[in-house]
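Some notes on the structure that comes next.
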Amino acid sequence: EYPSRPPSVYFLQPTPRHEHVYTNGDICLSLLGKDWRPTMTAQSLAVSISSILNGAREKGLPMDNARHAGNKPGGAQDDWVYHDDNC
Numbered sequence: 071e072y073p074s075r076p077p078s079v080y081f082l083q084p085t086p087r088h089e090h091v092y093t094n095g096d097i098c099l100s101l102l103g104k105d106w107r108p109t110m111t112a113q114s115l116a117v118s119i120s121s122i123l124n125g126a127r128e129k130g131l132p133m134d135n136a137r138h139a140g141n142k143p144g145g146a147q148d149d150w151v152y153h154d155d156n157c
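If you're matching positions, the sequence shown starts at 71 in my numbering and goes up one per residue.
Okay, here's the thing in structure tokens:
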């Protein structure tokens with residue numbers, strides 16, 4: 071459904087230890103869900119992902135990692151709650 075829906079983007083194992091990356095590889099980024107626009111490019115997504123990785127305050131897991139850890143990565147983020155509006 072791309073570009074009308076966001077592409078499936080996730081990290082392969084081993085995933086980076088980061089407060090916006092789930093251990094299954096999913097990336098908590100609103101651009102991959104509610105804030106997606108069909109005019110966005112792979113390059114703009116890569117820049118956004120690089121930005122959140124470089125701006126990490128700590129190397130920890132997302133607060134709701136246990137809820138996502140067993141899911142298949144790359145699924146739609148239609149019902150996700152984004153806990154941090156700064157990324």
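All C-beta atoms in this analysis are idealised placements derived from N, C-alpha and C, irrespective of residue type, glycine included.
When the distance is taken between beta carbons, is residue j closer than 8 Å to residue i?
i      : j     : result
Asn135 : Tyr72 : no
Trp106 : Arg87 : no
Pro132 : Cys98 : yes
Closest to residue i by C-alpha separation, out of the options, would be which residue?
i      : options                : result
His138 : Ala126, Tyr80, Trp106  : Tyr80
Leu82  : Asn124, Ser74, Gly144  : Gly144
Thr85  : Gly95, Pro77, Ser78    : Gly95
His90  : Met110, Asn124, Gly140 : Asn124
If I measure Cβ to Cβ from residue i and keep anything under 6 Å in the same chain, skipping five residues before and after, which residues do I get?
i      : result
Ser100 : Tyr152
Gln147 : Leu102, Gly103
Trp150 : Gly103
Give me, in chain order, the residues of the same chain whose beta-carbon lies closer than 8 Å to that of residue i; leave out the 5 immediate sequence neighbours on both sides.
i      : result
Ala112 : Pro77
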